[in-house]
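Numbering (the working numbering), first residue to last: 138 to 366.
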Ligand code: SAH
């Protein structure tokens, strides 16, 4: 672990730190131009050092608006998509208690933790989860809990959640996650479109009457996979 994930001090924080603050501000300007309007989201994205979540060799590309490899065939999500999903979840309501499925490197979890009451994040690949723990340690986010497991089953013991966010694409909305969504709660997830090699963001809103789904932007996420690894 120490090799794959050296401490921040060993990563020349002064050098990368200065540049990253400026490039991060540029990333936020770009997000604004792309249509992200919620200042709270932009502020959180400006505050989380994305370069700490990618390998050193990729750190100089950390603020490009693109997904980047994080090992194990997985990727860190594109900043625009992270901002867009969170903005949709917190439109005219608080994020409240959040469940994230697919911790990956922990980047989105860190952004969420700055905006939500509590965040529970599940990752199925143990080594990635350990890496995320290392990435997140020095940010000292007291309201963030990470767990190793199959996120399609949600987290019964912490349910219900006001907000649920998936970072991996499923063919349909996992039933357990629908059950664990609070009334008045919202879920945002990439869904695979039937019979096509395409995905779309879908917003699910739960009310007293049931669930309402709205299909939104086309996206491209890694697949939601079953079981732990
Ligand atoms: N949230 C990350 C994105 C990680 S990519 C970010 O901030 O960039 C999506 C992650 O979902 C991968 O790490 C993958 O291993 C994980 N994943 C896929 N299926 C899963 C499942 N059923 N339960 C939990 N995690 C899952």
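Where a beta carbon is used, it is the ideal one built from N, C-alpha and C, also for glycine.
- Around the Cβ of residue 355, a 10 Å sphere holds fewer than 16 other Cβ atoms; the residue is exposed.
- Closest option to residue 248, judged by alpha-carbon separation, among 273, 259, 260, 353: 273.
- In this structure residue 190 does not touch residue 265 by the C-beta definition: roughly 11 Å separates them, more than the 8 Å allowed.
- Looking only at 244, 323, 341, the smallest Cα-Cα distance to residue 188 is reached by 244.
- Annotation: residue 194 to residue 320 spans about 44 Å, alpha carbon to alpha carbon.
- Assigned with DSSP and collapsed to three states, residue 339 falls in strand.
- Residue state for residue 183 is assigned as helix, using DSSP reduced to three classes.
- Taking a cut-off of 8 Å for Cβ pairs, the region 268-286 and the region 301-321 do not touch, as fewer than three such pairs fall below it.
- For residue 158, the closest alpha carbon among the candidates 181, 328, 240 is that of 181.
- By the beta-carbon neighbour count (other beta carbons within 10 angstroms, threshold 16), residue 212 is buried.
- Distance from the CA of residue 339 to the CA of residue 228, rounded to the nearest whole angstrom, comes to 15 Å.
- For residue 177, the CB contacts under 8 Å within the same chain, skipping 5 residues up- and downstream, are 227, 252 in chain order.
- Short note on residue 305: C-beta closer than 7 Å to some heavy atom of ligand 1.
- Nearest neighbour of residue 326 by Cα position, chosen from 223, 165, 334, turns out to be 223.
- The beta strand (DSSP E) runs of length 3 or more contained entirely in the region 202-231 are, from start to end of the chain, 205-208, 211-213.
- Per DSSP, the continuous beta strand (DSSP E) segment holding residue 235 begins and ends at 234-238.
- Taking 7 Å as the cut-off, the C-beta of residue 263 does not count as close to any heavy atom of ligand 1.
- Judged by DSSP in its simplified three-state form, residue 260 adopts strand.
- In the same chain as residue 291, and ignoring 5 residues on each side of it, the C-beta atoms closer than 6 Å to its own belong to 313, 314, 317, in chain order.
- For residue 218, the CB stays at least 7 Å from every heavy atom of ligand 1.
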